[in-house]
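Chemist: Numbering (the UniProt record's numbering), first residue to last: 6 to 244. Note that the Cβ used here is the ideal one computed from N, Cα and C, for glycine as well.
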Ligand code: UDP
């Protein structure tokens with residue numbers, strides 16, 4: 006077992022894929038289930054900020070492979086994350102947890118702009134803060150944004166949920182049956198092995214700033230609540 010970081014303020018990355026329950030779009034039952042777990046952790050006193058992905062709608066790289074200009078495709082990808090953010094906000098509030106969405110692309114009707122100090126104030130008041138629209142910059146991924154936001158709001162750890170894989174392995178376990186599962190690994194080792202489970206830029210940012218990362222799977226029952234509580238699931242990646 007690994008020594009999970011003692012977490013009080015955490016940045017949770019939710020991959021877009023989970024929002025759709027395996028399909029394009031949003032599955033309200035799935036999002037409700039996520040919100041319930043987040044609410045549980047908030048009631049236990051954990052400060053929770055969330056970065057949402059958008060893979061259930063669009064991935065810029067995939068659109069550009071099919072002929073779309075990359076930057077525009079990436080903006081479409083970012084807009085997808087905002088839909089996920091609003092859906093999650095809705096279900097968090099139904100669970101009785103005050104929630105603010107901050108978007109990296111200005112859209113005043115539906116979200117606050119990204120203002121880090123304000124985000125911290127929300128967290129201190131027990132509100133969940135959901136960051137949408139990634140970094141607002143093409144060629145970035147929401148994994149990398151998660152590391153950046155975690156650093157800027159001074160989170161104790163970044164918790165990366167993944168769908169289809171429950172930890173960091175020496176190779177993709179869905180492809181290579183001999184892949185070894187790590188309870189813990191250093192950032193430099195993950196980078197040296199070229200592991201793709203999390204973006205290299207996210208690993209590098211966490212490494213340089215000594216920010217612990219937990220990579221865990223969404224599939225297990227109650228996994229979000231468990232990881233938010235600091236339970237040792239998945240893989241601890243550390244400096
Ligand atoms: N994206 C971007 N800049 C960012 C964050 C996201 O351009 O700062 C775009 C990119 O096209 C990406 C899409 O938004 O493919 C959805 O995000 P991501 O693929 O990270 O979502 P996930 O895989 O976590 O669902």
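Looking only at its chain, what residues have a beta carbon closer than 7 Å to the beta carbon of residue 68, apart from the 5 residues adjacent to it on each side?
Modeler: 78, 81, listed in sequence order.
Chemist: Name the two residues that bound the continuous beta strand (DSSP E) containing residue 168.
Modeler: Looking at the DSSP string, residue 168 is not in any beta strand (DSSP E), and its letter there is neither H nor E.
Chemist: Cβ-heavy atom distance between residue 185 and ligand 1 below 8 Å?
Modeler: No, Cβ of residue 185 sits at least 8 Å from all heavy atoms of ligand 1.
Chemist: Using a threshold of 8 Å, is the CB atom of residue 150 nearer than that to any non-hydrogen atom of ligand 1?
Modeler: Checking every heavy atom of ligand 1 against the Cβ of residue 150, one is found closer than 8 Å.
Chemist: Please look up how many angstroms separate the CB atoms of residue 244 and residue 45, rounded, as I've assumed it's under 8 Å.
Modeler: Residue 244 to residue 45, Cβ: 30 Å. No contact.
Chemist: Just to confirm the assignment, what range does the alpha helix (DSSP H) spanning residue 35 have?
Modeler: Element bounds for residue 35: 33–48.
Chemist: Thinking C-beta only, is residue 102 closer than 9 Å to residue 136?
Modeler: Their beta carbons are not under 9 Å apart, which means residue 136 does not touch residue 102 by this criterion.
Chemist: Taking 9 Å as the CB-CB limit, is residue 148 close to chain C?
Modeler: Here there is only one protein chain, and chain C is not present.
Chemist: Please confirm whether any heavy atom of ligand 1 lies closer than 8 Å to the CB of residue 86.
Modeler: Indeed, a heavy atom of ligand 1 lies less than 8 Å from the Cβ.
Chemist: Just the C-alpha distance for residue 225 and residue 55, rounded to the nearest angstrom, thanks.
Modeler: Approximately 19 Å between the Cα atoms of the pair.
Chemist: Give the range of the alpha helix (DSSP H) segment to which residue 99 is assigned.
Modeler: That run of the alpha helix (DSSP H) goes 75–99.
Chemist: Pick helix, strand or coil for residue 23, following the three-state DSSP scheme.
Modeler: Looking at residue 23 - three-state DSSP - the assignment turns out to be helix.
Chemist: Determine the DSSP secondary structure at residue 215, reduced to helix, strand or coil.
Modeler: Residue 215: coil per DSSP, three-state reduction.
Chemist: If you draw a straight line from the C-alpha of residue 53 to the C-alpha of residue 43, how long is it?
Modeler: Distance between the alpha carbons of residue 53 and residue 43 is about 8 Å.
Chemist: So, with DSSP's three-state summary, where would you put residue 150?
Modeler: Of the three classes helix, strand and coil, the one that applies to residue 150 here is helix, per DSSP.
Chemist: Is the stretch 176–187 touching the stretch 111–127, taking contact as three or more C-beta pairs under 8 Å?
Modeler: Verdict: no, contact absent.
Chemist: Straight-line CA distance for residue 141 to residue 237?
Modeler: Going by the C-alpha atoms only, they are around 32 Å apart.
Chemist: Just to confirm my understanding: we take residue 92, look at its own chain, exclude 5 residues before and 5 after, and list those with CB closer than 8 Å. What are they?
Modeler: Closer than 8 Å at Cβ, skipping near neighbours: 24, 31, 33, 36.
Chemist: Between the Cα of residue 239 and those of 214, 169, 197, spot the shortest distance and give me the residue it belongs to.
Modeler: The shortest Cα separation from residue 239 among 214, 169, 197 belongs to 169.
Chemist: State the Cα-Cα distance for the pair residue 104 and residue 190, rounded to the nearest angstrom.
Modeler: Roughly 33 Å separates the two Cα atoms.
Chemist: I need the straight-line Cα distance from residue 95 to residue 28, nearest angstrom please.
Modeler: In a straight line, the C-alpha of residue 95 is about 20 Å away from that of residue 28.
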